[in-house]
Amino acid sequence: MIKIGIECENIEDKGTRYGVGQLTLNLLKEYAANSEWQSKYKLYLYFKKQIPDDEFIQNPIFIKRVMGLNSFNIFYHILLPIRAMLDRLDWMFFPNYMLPPLYLGKSVVILTNDIYYEFTKGTIPFRYKLAYRLFANWAAKKATKIMAISEASKKEIVKLFKMEPERIFVARLGVSGIAGDQRSLPSDQAYILYVGQMFPRRHARESILAFEKIAPDFPALKFILLGKDKYNPPIIDGLVRETNQKLGKEAVIHYDYLEKREEVGKLYAGAKLFVYISDNEAFGLPPVEAASYGIPVAVKDSDLNHELFEDAAFFAPDSSPETIADIFRDGLANNEKREYCIKKYREIIPGLNWHNFADKFFNQL
């Protein structure tokens with residue numbers, strides 16, 4: 005039996021299960037539902053402080069290790085690699101973009117083009133930039149295999165990290181549902197939706213400014229944003245207040261997070277249009293999730309988004325408020341294109357599922 009370790013600090017806090025947390029959680033769910041994989045692979049799960057109370061994680065098919073620490077650095081770079089090597093694993097999976105230098109066994113590490121841009125041009129604190137710069141580059145040099153989450157991202161990784169493409173395999177992320185018809189809403193409940201952490205390259209600020217421009221033409225329309233403000237310093241709540249004051253009503257609404265996944269699903273299902281104008285993404289799961297609910301998406305015109313959506317999206321050639329405003333107008337009023345997108349998503353979304361992601365992962369080991 006092949007012994008595989010998985011770093012699971014990213015799923016301990018249910019409130020922050022985005023990105024690698026969601027990826028890790030769904031990989032474990034697919035394994036727990038597949039008896040064939042259970043007979044071939046044994047998974048060792050490594051937690052920093054605590055085991056989450058998800059029922060399926062309590063299953064004895066997983067061997068669970070808890071370090072009981074508050075410090076991420078001591079957990080990730082010292083105790084985790086030592087504990088994993090003592091367990092004599094065949095493979096260790098590090099989803100958090102970094103390979104600890106102390107780990108000497110076979111490893112799989114996720115790398116993305118957007119993590120490269122974060123430590124070179126992003127606004128994250130210096131200590132995070134330094135950690136990613138050191139240990140993502142170490143992964144590019146020393147990891148046995150690198151996982152990319154789209155073909156477009158793989159091409160970028162090869163160029164940015166100066167890597168051999170043969171070391172990189174692609175496992176595209178998935179969604180849990182399959183696109184269905186958008187439910188119709190009364191006009192006074194219509195809204196544009198944004199989901200995801202907010203920082204400059206995702207242009208939440210410009211999207212709010214664009215909404216302000218179109219609001220007079222769509223007086224009943226709202227703009228709902230779900231995600232933490234990661235601008236440095238934070239700007240979103242102040243901009244929301246200022247925009248609502250100008251419009252004379254609460255037309256823009258911001259939630260840091262919603263505790264229940266069902267609440268997020270309801271937000272997706274009720275949206276008129278989904279917006280995610282991001283300069284750099286390795287995959288960009290939120291617009292794919294929106295498409296799975298049959299919601300037309302507005303995204304940046306990029307190789308990645310054409311890989312994911314083909315021609316079935318409202319593509320923004322740039323990220324200025326004026327351009328995004330034009331995309332909003334088209335995305336709301338162009339019924340022929342909207343119907344085309346919804347129909348196309350029924351063909352695209354079934355291939356983007358977590359079983360396929362897990363299958364790609366296990367077939368590499």
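In the numbering used here, the protein residues as written are 5 to 369. Cβ atoms here follow ideal geometry from the backbone N, Cα and C, with glycine treated the same way.
Terminal residues of the alpha helix (DSSP H) in which Y297 lies
Run containing Y297: none; DSSP gives neither H nor E here.
Do the stretch 192-212 and the stretch 226-245 meet, that is, are 3 or more Cβ pairs less than 8 Å apart?
yes
Would you check if there are 3 or more beta carbon pairs closer than 8 Å linking the stretch 318-338 to the stretch 300-307?
Touching, per the Cβ criterion.
Closer than 6 Å by C-beta to L213: which residues in its own chain qualify, once you throw out the five before and the five after it? Chain order, please.
A distance below 6 Å between beta-carbons, with the five flanking residues on each side excluded, links L213 to the following residues of its chain, in chain order: P325.
So, is P190 buried or exposed, given that buried needs 16 or more other C-beta atoms within 10 angstroms?
With a pLDDT of 45 at P190, under the threshold of 50, the modelled position of this residue cannot be trusted; read the value that follows with caution. By the 10 Å Cβ count, P190 comes out exposed.
Return the residue from the list Y195, Y50 and L90 that minimises the CA-CA distance to F76.
Of Y195, Y50 and L90, the residue nearest in Cα terms is Y50.
By Cβ distance, which residues of its chain are closer than 6 Å to E13, with the 5 residues on each side in sequence left out?
K52
According to DSSP, simplified to helix, strand and coil, what is F278?
strand
Beta-carbon proximity check, N284 vs N30, cutoff 8 Å
no
For I67, count the other beta carbons within 10 Å of its own beta carbon; 16 or more makes it buried, fewer makes it exposed. Which is it?
exposed
Find the nearest neighbour of I257 within the set G231, E266 and N360, judged by alpha-carbon distance.
It is G231 whose Cα lies nearest to the Cα of I257.
Quick one: what's got a C-beta closer than 6 Å to Y22's C-beta in the same chain, skipping five residues either side?
Closer than 6 Å at Cβ, skipping near neighbours: no residue.
How should G357 be labelled, buried or exposed, when 16 other C-beta atoms within 10 angstroms of its C-beta is the threshold for buried?
Residue identity check: residue 357 is Asn in the sequence provided, not Gly. Residue environment for N357: buried (at least 16 other C-beta atoms within 10 angstroms of its C-beta).
Examine the Cβ distances between the stretch 85-105 and the stretch 135-148 and report whether three or more of them are shorter than 8 Å.
The stretch 85-105, when compared against the stretch 135-148, does touch it at the 8 Å Cβ threshold.
For the alpha helix (DSSP H) that K374 lies in, which residues bound it at each end?
Outside the shown range of the chain, which is 5 to 369, sits residue 374, and nothing can be said about it.
So, helix, strand or coil for G19, using DSSP?
helix
Do I82 and L106 come within 8 Å of each other at the CB atom, strictly closer than that value?
yes
For L289 versus L115, is the C-beta spacing smaller than 8 Å?
Going by C-beta atoms, L289 is not nearer than 8 Å to L115.
Rounded to whole angstroms, what's the CA-CA distance from Q186 to I153? Just pull it up for me.
Caution is warranted here: a pLDDT of 46 is assigned to Q186, below 50, making its placement in the model unreliable, and no coordinate value can be reported.
If you draw a straight line from the alpha carbon of Y272 to that of D57, how long is it in whole angstroms?
26 Å
Spatial distance of E311 from G25 (CA atoms)
23 Å
When you compare only the Cα positions, how much space is there between G109 and L32?
22 Å
From E314 to I353, what distance separates their C-alpha atoms?
12 Å
Three-state class that DSSP yields for L230 in the structure shown
strand
So I240 packs on A208, CB below 8 Å; how close in whole Å?
6 Å
Within 8 Å, do at least three Cβ pairs link the stretch 117-128 to the stretch 38-45?
no
How would you write the range of the alpha helix (DSSP H) that K217 sits in, first residue to last?
A208 to I218
Going by DSSP, which residues form a beta bridge with E360?
Reading off the sequence shown, one finds Asn at residue 360, where the question assumed Glu. Bridge partners of N360: none, in fact.
How many whole angstroms separate the CB atoms of L103 and A135, which I take to be in contact at a CB cut-off of 8 Å?
Not really, about 12 Å apart at Cβ, beyond 8 Å.
Identified DSSP bridge partners for F173:
M151
The alpha helix (DSSP H) spanning K348 covers which residue range?
N339 to I352
Per DSSP, what are the beta-bridge partners of W95 in this structure?
I8
Check for me: the alpha helix (DSSP H) holding R131 runs from which residue to which?
For R131, the uninterrupted alpha helix (DSSP H) run begins and ends at F130 to K146, by DSSP.
So, with DSSP's three-state summary, where would you put I239?
In the structure shown, I239 sits in coil (DSSP, three-state: anything other than H, G, I, E or B).
For F365, which residues in the same chain have their Cβ closer than 6 Å to its Cβ, ignoring the five residues on either side in sequence?
A175
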